[in-house]
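Its first residue numbered 105, the sequence shown is counted upward by one per residue in the numbering used here. Cβ coordinates follow ideal geometry from the N, Cα and C atoms, glycine included. It should be emphasised that the depicted structure is a prediction, and the values quoted were computed from it without experimental measurement. Worksheet: one structure, shown below.
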Amino acid sequence: MKLKMILASALLALGCAASAQTVIKFSHVVAADTPKGKAADFFAKRAAELTKGKVKVEVYANSSLYKDKEELEALQMGAVQMLAPSLAKFGPIGVKEFEVFDFPFIFDDYADLHKVTQGPVGASLLAKLEPRGIKGLGFWDNGFKSFSANTPIKTPADLKGKKLRIQSSKVLEEQIRSLGAIPQVMAFSEVYQALQTGVVDGTENPISNFYTQKMHEVQKHLSLTNHGYLGYAVIANKQFWDGLPADVRGQLEQAMKEASAYANKIAQEENDSSLEAVKKSGKTMIYTPTKEERMAFKKAMAPVHIKMADRVGKEMLKEVYKETGFDPEKL
Ligand code: LMR
């Protein structure tokens with residue numbers, strides 16, 4: 105009898121503890137072993153530790169919950185509480201200023217980029233999400249994109265007429281057109297098959313995405329053009345975030361601070377090790393363009409900066425140029 109009572113009260117306590125727990129669904133579209141995937145898992149672990157189990161973050165990798173376009177809608181509706189979409193994904197929901205990150209060659213390296221993401225421009229960009237019911241929590245790096253195809257890529261002319269998959273971004277569309285190629289917008293989860301079946305000829309990616317989506321199995325050539333940046337804004341449903349008890353929110357902010365430092369520390373390492381893995385696979389030829397060849401890409405793409413200035417706003421562009429020293433007129 106006594107045992108029965110103990111068991112019953114233990115079950116009751118368990119029930120109470122379970123209902124007191126806040127579950128955060130964190131969805132993303134890349135593999136778990138990428139900079140974003142690892143940082144999301146890191147955040148989940150620290151969130152559990154710092155809140156002493158009051159918050160459980162469930163991470164759904166590889167588009168297992170939502171694909172590109174659905175992700176942001178689901179967050180705005182509250183069906184998922186957290187995401188880390190690539191910066192390009194905010195243009196299509198009307199926050200066009202985020203497409204400044206898609207401008208070709210605008211950042212030379214991570215140091216250049218951090219002047220923007222970690223400074224006042226970054227903060228003002230995150231603030232623009234609030235009227236859309238989105239709380240911006242920080243920026244996580246991935247890396248610099250390279251072009252791949254089934255034929256060698258040394259100069260812009262090598263991409264002429266090719267169908268290249270891009271994310272949905274007007275700036276990226278213009279970038280592909282500047283090479284005489286044809287932009288094809290497509291969800292990330294569909295790229296491998298599209299490359300395999302020849303629906304598209306090539307694409308652009310940081311190497312960590314290229315390798316973990318196994319694109320090296322279906323692309324014979326990869327040219328290390330590093331022509332543009334791909335990174336993320338970590339976001340939450342604003343109503344959900346603001347409704348958290350203040351102490352829990354503070355603990356999650358601390359977990360996010362640590363996860364962001366971790367993400368930005370591993371991004372380069374992850375891309376470097378993915379490059380080694382692609383080399384080792386022997387399936388994709390890797391080409392490093394000469395200084396002159398890379399300059400030819402830069403020159404070919406420079407008009408994108410002029411043509412698309414109004415899309416992100418001349419002021420925004422000027423602010424970023426001021427941080428990075430990039431000047432398309434000097435090319
Ligand atoms: C893409 O669609 O190429 C990227 O947004 C994928 C990602 O999240 O890194």
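I need the DSSP call for residue 112, collapsed to helix, strand or coil. Counting from 1 along the sequence shown, the entry for residue 112 is found at position 8. Interpretation of residue 112 is limited by its pLDDT of 46, a score under 50 that renders its predicted location unreliable; no figure is taken from the coordinates.
What distance in whole Å lies between the Cβ atoms of residue 260 and residue 401, which are believed to be in contact at a cut-off of 8 angstroms? To locate residue 401, count along the sequence shown from 1; it is residue 297. To locate residue 260, count along the sequence shown from 1; it is residue 156. Residue 401 to residue 260, Cβ: 6 angstroms. Contact.
I need the DSSP call for residue 331, collapsed to helix, strand or coil. Looking up residue 331 in the sequence shown gives position 227. It is a strand residue.
To which residues of the same chain is residue 276 closer than 6 angstroms at the C-beta, ignoring the five residues directly before and after it? The residue you call residue 276 lines up with position 172 of the sequence shown. These residues qualify, in order along the chain: 206, 270.
Kindly indicate the opening and closing residues of the beta strand (DSSP E) around residue 246. As a first step, residue 246 must be located in the sequence shown, where it is residue number 142. Segment 238-253, the beta strand (DSSP E) holding residue 246.
For the alpha helix (DSSP H) containing residue 225, list its first residue and its last residue. Mapped onto the sequence shown, residue 225 falls at position 121. Element bounds for residue 225: 224-231.
Identity of the residues DSSP links to residue 313 by a beta bridge: What you label residue 313 is simply residue 209 of the sequence shown in a count that begins at 1. DSSP, once it has assigned bridges, lists no residue as partnering residue 313.
Cβ separation of residue 415 and residue 249, assumed to be a contact under 8 angstroms, to the nearest whole Å: As a first step, residue 415 must be located in the sequence shown, where it is residue number 311. As a first step, residue 249 must be located in the sequence shown, where it is residue number 145. With 8 angstroms as the limit, residue 415 and residue 249 do not qualify as a contact, their Cβ atoms being about 19 angstroms apart.
Less than 8 angstroms between the beta carbons of residue 160 and residue 185, yes or no? Position 56 of the sequence shown, counted from the first residue, corresponds to residue 160. Position 81 of the sequence shown, counted from the first residue, corresponds to residue 185. Not a contact, by the Cβ cut-off of 8 angstroms.
Same chain only: Cβ atoms within 7 angstroms of residue 312, ignoring 5 sequence neighbours per side: As a working note, residue 312 is residue 208 in the sequence shown. Same-chain partners within the cutoff: 138, 139, 246, 247, 374, 375, 378.
Rounded to whole angstroms, what's the CA-CA distance from residue 327 to residue 394? Just pull it up for me. Counting from one through the sequence shown, the residue named residue 327 turns up at place 223. Counting from one through the sequence shown, the residue named residue 394 turns up at place 290. Taking the straight line from one Cα to the other gives about 11 angstroms.
Given a threshold of 16 other Cβ atoms within 10 Å of its Cβ, counted over all protein chains shown, does residue 220 qualify as buried or as exposed? Numbered from its first residue, the sequence shown carries residue 220 at position 116. Sixteen is the threshold: when 16 or more other Cβ atoms of the shown chains lie within 10 Å of the Cβ of residue 220, as they do, the residue is buried.
Buried or exposed for residue 410, going by 16 or more other Cβ atoms inside 10 Å? Counting from one through the sequence shown, the residue named residue 410 turns up at place 306. Looking at its Cβ environment, which holds fewer than 16 other Cβ atoms inside 10 Å, residue 410 is exposed.
Under 8 angstroms between the Cβ atoms of residue 189 and residue 176? Working through the sequence shown from its first residue, we reach residue 189 at position 85. Working through the sequence shown from its first residue, we reach residue 176 at position 72. Cβ distance < 8 angstroms, so residue 189 and residue 176 count as in contact.
How big is the Cα-Cα spacing for residue 227 and residue 303? In the sequence shown, counting from the first residue as 1, residue 227 sits at position 123. In the sequence shown, counting from the first residue as 1, residue 303 sits at position 199. So the alpha carbons of these two residues sit roughly 39 angstroms apart.
For residue 163, write down the residues that DSSP places opposite it in a beta bridge. Position 59 of the sequence shown, counting from 1, holds the residue named residue 163. Beta-bridge pairing links residue 163 to 130.
Could you name the residues of the same chain whose beta carbon sits closer than 7 angstroms to that of residue 366, not counting the 5 residues immediately before and after it, in chain order? Stepping through the sequence shown from its first residue, residue 366 is reached at position 262. Closer than 7 angstroms at Cβ, skipping near neighbours: 143, 146.
DSSP has residue 416 in a bridge; who is on the other side? The count along the sequence shown starts at 1 and reaches residue 416 at position 312. Answer is none; residue 416 lacks a bridge partner.
By how many angstroms is the C-alpha of residue 156 removed from the C-alpha of residue 421? Looking up residue 421 in the sequence shown gives position 317. Looking up residue 156 in the sequence shown gives position 52. The alpha-carbon atoms of residue 421 and residue 156 are separated by roughly 43 angstroms.
Can you find at least 3 beta carbon pairs, one from the stretch 325-340 and one from the stretch 378-392, that sit closer than 8 angstroms? yes
Pair within 8 angstroms by beta-carbon distance, residue 293 and residue 196: Working through the sequence shown from its first residue, we reach residue 293 at position 189. Working through the sequence shown from its first residue, we reach residue 196 at position 92. For residue 293 and residue 196, no; Cβs fall outside 8 angstroms.
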